[in-house]
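Student: Quick one: the structure is below, questions incoming.
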Amino acid sequence: MADITSQLFSTLEDLVKDELKQFRFYLSHKNLLEGFKHIPKGQLENASSTDIVTRMVESYGRQGALEVTIHILKKMSQMELASRLEKSRKQSTGLEVPADLEKSMKAAQNDLKSNLIAKYREISEGVAKQGNKTLLNDIYTDVYVTEGECEGINSEHEVRQVEWATKKQAAPEIAVLCTDIFKPLPGKKKQIKTVMTKGIAGIGKTVSVQKFILDWAEGKLNQDLYFTFILPFRELNSIKSEPFSLLKLIHYFHPELESYGNVLLGNRKVLFIFDGLDESRIELNFQVKKWSDVADPTSLDVLLINLIKGNLLPSALLWITSRPAATSQIPPEYVHRVTDVKGFKDPQKEEYFKKRFSHNEALCRRIVTYVKSTRSLYIMCHIPVFCWISATVLEKLLDGGDQRDSTGPKTLTQMYTSFLLILTNMKNQKYVGSASPEAKAQSDKEKEIILKLGKLAFDHLEKGILTFYEDDLTKCGIDVSEASVYSGVCTEIFKDSEITQGKVFSFIHLSIQEYFAALYVFLRYKNDKTNLYEKHKIGKKFSKLFKKSSLFDLHKGAVDKALQYKNGELDLFLRFLLGISRNSKESASLLRNLLRETTSSADSLEETIKYIKGKIKKNPSPESSINLFHCLIELDDTSLVQEVQSYLNAGSLEGKEASLSPAHWSALAYILLMSENVLEEFDLKKYVKSDEGLLRLLPVIKFSKVALMDNCSLTRACCESLGPALSSDLRQLILSQNDLQDSGVKLLSAGLETPDCKLEILRLDGCNLTGKSCDSLASALAKAQNLRELDLSTNDLQDLGMEKLLEALAKTPCTLETMRLKWCKLTEKTCEGLKNVFSSKSSKLKELDLNDNDLQDSGVKLLSAGLSNRACELQTLSLERCGLTMKGCESLGSAISCMGSKLRRLNLRDNDLQDQGVKLLSVGLGSIQCRLEKLCLSGCYITEAGCASLVSSLRSNPSHLRELDLSYNHLGDSGVKLLSALLGNPKCKLNTDHAGENRNRSGLLKYACQLTMDPNTANKHLSLSDGNQKVTLDSEQSYPSHPERFERLEQVLCSQDLSEARFYWEVEWAGCWTSVGVAYAGIARKGKGDDSQLGYNEQSWSLFCSEAGYSARHGGRFLDIAVPSPKPERVGVYLDWSRGTLSFYGIASSTVTLLYTFHSAFTEPLHPAFGMGFEVKAGHRHRLDSWEDPSHVCLCQL
C-alpha cells in the first residue's frame, strides 16, 4: 500500500503552481468532496505537494486519499492523471487479480468454512461443558420470520410482549426465510445490502444466524457468498478501545485467515454478520469521518459506520441482529430490509419437541399435551429458549408411564424452580442421597454460588444490564472458574475463542436473571432477616423499638417498586418472588437446602393477596393490573377471575355492571388476554359503558383489529390512555356518540401522529366537537401513515374550524381517502377550501359526505370547479339536503362531463332541483366524457318533464350509469313509460328505483329519526320505560298534574315536533289494539270526545291496529285495511311533511307492504302519537291487574 502514497506524491508533483493552488481550493472547500470532509484552508495554505499528501492520508487514510485525489483531478479536467491513479486504485482494491491469487483465496475460503463448521455444527442449548451438545441440524427448528419495518421502540418488558403476542391479529405478513434475507421479494428489484433482524431476547436470532453460517459453510445454501464473517458485538466490546483496520478485524475474529493476507482482493461477494447490536457498548455516531481503506487502522466505530454507510468495501453485505429497543441506533436510510423474528408459532412448538424427543414419541406426546394444558406455559413456548427449559423439566417429570401430569409445574415460577433443581442435581449427581462431610461441603458451596449469582442478577436487573465482565463477577464474590463450572445458568460467552476466553458472561435468558434476582431477595429475607425493599434504615441501638419486617412487608415493598416502572421492567421478577414465597412442592424441594430454617408463611401470603387486590382496585396502569393478576395466580388465588368467569359462563355481563367492581373489569381483561381466541373485533358495549371500564379493558383493545366503542358514555378522561394505545395493531376505532369534546380529540390526535399507529378508520361522529378539534386533527393527518377514513359528522365544526383541516389536506401529503362531514354546520365558505383539496396533487381523497350542510348553489359551484380539475381523485360525493336548486346543476353537469373526471357516484337526494335543474344536469350525463355510475335524485321534485331529459341524455351515453334513484318524485305514467322504454334498450345496463312511495325498507331507513315519548302527555294508565321509548297499559300511575296530559284517553305524544323534512320510524305493538299516528300539538287533552281521540278529528292522523285488521282514520273518516301476508311484525311510519304525505307500512322480515298513505297540506309541526285501550268483553272492561301480558307499544331502534 506504500505505492499509493508514492503515486500521490508523483501526481501532485506533475501539477504546475496554479494547478496545485486549484487542487488546494477544491480540497479545502465545503461540499465539493462527495462524502469526504474538507480539510480546513489554514492547514493547506502554502502547503507543498508532500504536505498535502500527508494531510490527506491523515484525514482519509491512504485509500481515501486516493479517492479524493481522483475526484479533484476529474473536476480540474486532469483526465490523464486521474486515469493513471484509477489504475493504481484497481490494483490496490484487487479488481485486477493475479491468476495465481485465485488458488490462495479458495484455500482461505475452505479454511474459513472448516473452522465455522467446527464451531457451529453443535449446540449446547445453554448447558455448556457437560457433554450435552447436540448437532444443530438435528435439533434446529425454523423460527417464524416476517418482513418488518423500522418502527418506534417498544419499551415494554419482553415477556409481556410475548404473552400478548398471541392476541395480535394475523395481519397480512410476508414470511421470510433466513436463508433468503438478501433476496428481493417476488416482483421487487430493489438491491438489498444491509438487513436488520430484530427480535426479543431468546427468540432465536443468534441460533438462526448460526444455522445460516453452518448451511453456507457446509455448501448447502447461499454459495454466491465467497466469505461470511461473524463479528458478535459482545466480542467487539472487549476491543472497542483498540485501533483496527478492516483486514485486521477479520484476522482477529478469524485467525485462520491471517496467513492469507488481504482476503478482500478481487471484489468478491462477502457478508459481515454483526450479532447482538443491543449488547454493543460502542457508540455509533453517524457523523464520523469518511473511511474507505480496508488496510488502514482507525477506531472501531469509524470502521462499523463506514461499512454500514457503504464507504468502506461498498460491495459487502451486512446482517445486523438486535433486540427491538436498540435498532434505532442505525438510521433507517442505511437499512434496506428489516426482518422480525417472531419465535415459534404453534406448529413450530410441536416440531421442536418432536425433534428434541425423536427417540421417544410417547414422551413427546405427553410433553406437548402437558404444555398445552397450561395456557401461560404454552404461551411462553413462543420463545425457543423456554421450549428448551420446558423440555429439560418435563423430560425428567414425564419420562415413564406412572407419572401424573397434575404433579408438575403449572406456573412460570414452578417451571423455573424445577429447572434450577435439575441443573443442581446434574452438577451434584454423585452426592445425591449422601450425608457425608463431602456432600455437606458441596451443598454449602452450592448455596453460596446461588446466592452470589442472585446478587449479581439483582444488582444489575434494575439497570437492565444483561452481560457481565470479570470485574462485575469479582464484585459479587464470584470466581470465574466457579461461574464456568455452573455454566448451565451463567453461560460462558466466548468459550471457543482463545483470545477472549472467560471475559464476558450472561444468564442464558433475561427471565433466568430475573428468577435468580427474586430468589436472592427471598433468601436474604429468610436467612438474614434482611428486607432489601425496606425504606427506613435504623441503627442497632434503636432496632428493638421497631417491629421486625415481615414477609408481607417484603412483598409490599416489591409490589410498590414494580408498579413504579411504567414499562414493566420488574413484572416477571415480582411474579417469581411471590411464586417462590408460596409453599409449593417445587419451592420446598429447592429451598430445603438453601434455607437455614423453614416456617409457615400462610398468614403473610393472605396479607399479600389482600394487598394486591387492593392495588388492582386503585386502578394502576391496565398493563400493571394484568401483571398483578399473574401474581395472584402465582399465589394460587383465582377468586376474582372465577367470579367473572362464572358471569361469562352464564352468557353475558350485560346488565351486571352495577354488581361488578373495577377489579372485576381487570379480571375480565386478564381472561380475554389469556384465552386461546384471537380477538378480531371487541365491542365495549357488551361489557361496560364507562371511562373506567375502557381503561381496565385497554390491553384487550390494543390487541383487537376493530374496537367498537360507540354510545359507551365515554368522555375526554379516557382519551389520555386511548391515545397511546393507538400504537398497536388497532385498525378501526369507532367512538361515535360519546362526549369526548375537543380536549379528548387533541389527546387522540397525538396518538395518531406516532409512527407505530396503524389505525385506518376513525369515527368521531356525534362526539360534541367544535372547530378546535380540527386544529389537532390537521397536524395528525400530516403524520398519520395509515389513516384512510375519518368521520366527523354531527359535530359543530363550522367553516372556521374546517379551514385549517382543509389547508392541511391540500398542502400536506396524507393517506386520507374518505371523509364524512354530515351535519357539521358548514356553508359555501368551506367549499372554497374543499375546492383546493380537490385540486391538490397531494390529496388522495376519494369519498366525501357533505349531507345536511347549507352549502347552497354557490358552494356547489365551488365544489364543481374542484371536481373539474385533472388532479381531483374524488369518486363519491354526497350532497343530500344541501340547499341545492336548479342553479347549481349547470356547474355540476359540467363537472361530471369534464375530461378525465373520476367521479363515479353522486348523491343529490332531497334537493329542490326540479325539472329545469335535472335538464341542466342531463347535459353532463349525455356527454361521452361522463363516467358516472350511480346517481341519486330521490325527492328532487322531478316530474315527467325532468324524466324525459334524463332518458334523452342516457340514450346518448348509455354505457356507464348503472344505478339511478328517482324515488319520491312525481314521474307520472308517462315518465315511467319513458324509463321502461329506456330499460328495454339492450345497450342500457341501468337499474332504477322510480316507484314513488312504494319503496324497499333500506330506502325508508335513510330517514330514520330518534323519538322519545313525552311523560307530561301520558295518560295516568300508561307507564313509560326503556328511556321513554316504550309505553305499557298499566294500573294508575302517580303522575303530577299537567295541562298537556291526556286525562281520559290512554294516549301519549312524542316530545319531538317534526316539520320541513322527511322522517321515518317503526313501532312494535302487542295487546288488544293500538293506534299509531301523528297529531298537532293543539289536539284536545280533556275528556273522551272526538276532539281528543287520534284519527277522529282534523288535528290527527292514525292507523288503528288490531289482530282483525287495520283502519286508516282522519277527521272521523275510516278506511278498513285487510291484514297483508306475511303478517306484519312492525308498523313503519314515513312522514314527508313538505309534500304532505304520511304513509304507513307493514314490516315483515324483509317484506315491506304499503298499508295506506294520507295526503294533506300540513300547516304545523307534527308529533308522533300512540293510543291503546282495554279489551271489551260482554259489556265490561277486563281488569288490568289480571293481565299477564298487558298491551304495549315500543319504538324500535333503527
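First residue of the sequence shown: 1, per full-length UniProt numbering; consecutive thereafter. C-beta atoms are modelled at their ideal positions from N, C-alpha and C, and glycine is treated no differently. On a predicted model such as this, the values are computed, not experimentally measured, just so you know.
1) Alpha carbons only, please: which of 982, 349, 312, 1063 is nearest the one belonging to residue 379?
2) What are the uninterrupted segments assigned as beta strand (DSSP E) that are 3 or more residues long and contained completely in the UniProt domain "NACHT" (193-326), given in chain order?
3) What separation, rounded to the nearest whole angstrom, lies between the Cα atoms of residue 1007 and residue 195?
4) Closest by CA to residue 624, which one among 670, 594, 925, 104?
5) DSSP three-state label for residue 709, please.
6) On a CA-only basis, which of 444, 517, 421 is nearest residue 463? Give me that one, please.
7) Taking the Cβ atom as the reference point for each residue, do residue 925 and residue 969 lie within a distance shorter than 8 Å?
8) Is it buried or exposed, residue 191, if we count other Cβ atoms within 10 angstroms and call 16 or more buried?
9) Am I right that residue 1142 and residue 1158 are in contact with their C-beta atoms under 8 Å? What's the rounded C-beta distance?
10) Hey, residue 178 and residue 211: beta-carbon distance below 8 Å or not?
11) Can you round the beta-carbon distance between residue 906 and residue 935 to whole angstroms, since I take them to be within the 8 Å contact cut?
12) Can you check whether the CB of residue 397 is closer than 8 Å to the CB of residue 408?
13) Using DSSP with H/G/I as helix, E/B as strand and the rest coil, what is residue 1192?
14) For residue 1052, which three-state DSSP category applies?
15) Use the C-beta contact count for residue 579: other C-beta atoms within 10 angstroms, 16 or more gives buried, fewer gives exposed.
16) Out of 1106, 1166, 1022, 26, which one is the CA nearest neighbour of residue 1057?
17) In terms of DSSP beta bridges, what is residue 1200 paired with?
18) With a cut-off of 8 Å on the beta carbons, I'd call residue 751 and residue 773 a contact; round off their distance for me.
19) What does the alpha-carbon distance come out to for the pair residue 963 and residue 867?
20) Quick one: give me the first and last residue of the beta strand (DSSP E) that residue 1152 is part of.
21) Assuming residue 1075 and residue 1084 make a contact with CB atoms under 8 Å, what is their CB distance in whole Å?
22) Does residue 1230 come out as helix, strand or coil in the three-state DSSP assignment?
23) Quick check on the DSSP output: the alpha helix (DSSP H) that includes residue 62 runs from which residue to which?
24) What number of angstroms, rounded off, separates the C-alpha of residue 143 from the C-alpha of residue 223?
25) Using a Cβ-Cβ cut-off of 6 Å (strictly less than) and excluding sequence neighbours within five positions of residue 900, which residues of its own chain qualify?
26) Of all the options 743, 742, 781, which has the alpha carbon lying nearest to the alpha carbon of residue 761?
27) Could you tell me whether the segment 306-325 touches the segment 256-273, using the rule of 3 or more Cβ pairs below 8 Å?
28) Do residue 747 and residue 723 have their beta-carbon atoms positioned less than 8 Å apart in this structure?
29) What runs of the beta strand (DSSP E), each 3 residues or longer, lie entirely inside the segment 859-918?
30) Between the Cα of residue 831 and those of 879, 815, 788, spot the shortest distance and give me the residue it belongs to.
31) DSSP on residue 351, reduced to helix/strand/coil?
32) Over what stretch of residues does the beta strand (DSSP E) that includes residue 468 continue unbroken?
33) Spell out the partners DSSP gives residue 1100 in its beta bridges.
34) Using the C-alpha atoms, what's the distance from residue 1034 back to residue 1069?
35) Between which two residues does the alpha helix (DSSP H) carrying residue 23 extend?
36) Please report the residue range of the alpha helix (DSSP H) in which residue 371 lies.
Tutor: So, from the listed chains and residues:
1) The shortest C-alpha separation from residue 379 is found at 349.
2) DSSP runs (the beta strand (DSSP E)) wholly in the UniProt domain "NACHT" (193-326): 194-198, 227-230, 270-274, 317-322.
3) Their Cα atoms are separated by approximately 56 Å.
4) In terms of Cα proximity to residue 624, the closest of 670, 594, 925, 104 is 670.
5) Correct three-state label for residue 709: coil.
6) The shortest C-alpha separation from residue 463 is found at 517.
7) Cβ atoms of residue 925 and residue 969: not closer than 8 Å.
8) With fewer than 16 other Cβ atoms within 10 Å, it is exposed.
9) Right, the Cβ-Cβ distance comes to about 4 Å (below 8 Å), so this counts as a contact.
10) It is a contact, given that the beta carbons lie within the stated cut-off.
11) For a cut-off of 8 Å, the C-beta gap from residue 906 to residue 935 is around 5 Å, short enough to register as a contact.
12) Using a Cβ distance threshold of 8 Å, residue 408 and residue 397 count as a contacting pair.
13) It is a strand residue.
14) Looking at residue 1052 - three-state DSSP - the assignment turns out to be strand.
15) It counts as buried.
16) Nearest C-alpha to residue 1057: 1166.
17) Limits of the chain in this structure are 1 at one end and 1198 at the other, which puts residue 1200 out of reach.
18) About 14 Å separates the two Cβ atoms, so there is no contact after all.
19) Going by the C-alpha atoms only, they are around 21 Å apart.
20) DSSP places residue 1152 inside the beta strand (DSSP E), whose first and last residues are 1151-1159.
21) With a Cβ gap of about 15 Å, residue 1075 and residue 1084 do not count as contacting.
22) With the chain running from 1 to 1198 in the structure shown, residue 1230 is simply not present.
23) 49-75 is the span of the alpha helix (DSSP H), which, as asked, contains residue 62.
24) Roughly 22 Å between the two C-alpha positions.
25) Result list for residue 900: 870, in chain order.
26) Of 743, 742, 781, the residue nearest in Cα terms is 781.
27) Cβ pair count under 8 Å is three or more, so yes.
28) Cβ distance < 8 Å, so residue 723 and residue 747 count as in contact.
29) If only complete runs of 3 or more residues are kept, the segment 859-918 shows the beta strand (DSSP E) at 876-878, 905-907, in order along the chain.
30) Comparing Cα positions, the closest option is 879.
31) Looking at residue 351 - three-state DSSP - the assignment turns out to be helix.
32) Start and end: 467-469.
33) Bridge partners of residue 1100: 1079.
34) Counting only the Cα atoms, residue 1034 lies some 15 Å from residue 1069.
35) For residue 23, the enclosing alpha helix (DSSP H) covers residues 17-28.
36) Element bounds for residue 371: 361-373.
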